[in-house]
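In what follows, a structure is listed as structure tokens, so that the remarks can point back to it.
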Amino acid sequence: MPAETHVEGSKPDRAGVLELVRNSLAEILEVEPSAISEGSSFDDLGADSLALIELVEALEEELGERTVGFHIDDEDLEDLKTVRDAVDYVTAKLGSH
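Counting with full-length UniProt numbering, you get residues 1 to 97 for the letters of the sequence shown.
This is the structure in structure tokens:
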């Protein structure tokens with residue numbers, strides 16, 4: 001979508017963010033989304049730092065279409081240890097826009 005047509009769309013709720021994180025992670029890790037729970041740690045899922053970077057890029061791409069300027073800071077990435085951490089972080093970021 002060209003930048004000039006960027007309009008702030010509807011922000012996903014927490015359940016929508018969870019689904020987005022779960023589906024993105026499932027695609028990156030090549031597992032079924034149902035194998036990923038909110039309490040899953042990235043270590044338990046076998047997600048290495050490269051997988052987390054891919055997750056960030058996927059989230060920024062998807063959410064950037066709905067929320068202009070959505071960005072996940074690299075220094076915040078090390079604090080995200082579980083799927084719940086990621087969902088809470090993204091939900092908080094969306095709320096602050």
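Ideal Cβ positions, reconstructed from N, Cα and C, are used throughout, including at glycine.
This one's a predicted model, so the numbers in the text were calculated from it and none came from an experiment.
Q | Identified DSSP bridge partners for Ser41 | A | Thr82
Q: Using three-state DSSP, classify Arg66 as helix, strand or coil.
A: coil
(Q) Can you look up Val21 in the DSSP assignment and give me helix, strand or coil? (A) helix
Q: With DSSP collapsed to three states, give me the class of Ala47.
A: coil
Q: Excluding the 5 residues preceding and the 5 following residue 102 in the sequence, name in chain order all residues of the same chain whose CB lies nearer than 7 Å to its CB.
A: For the chain, the structure presents residues 1 to 97; residue 102 sits outside this window and is missing.
Q | Ser41: CB within 7 Å of a non-hydrogen atom of the ligand SAM | A | The ligand SAM is not among the ligands present in this structure, which contains no ligands whatsoever.
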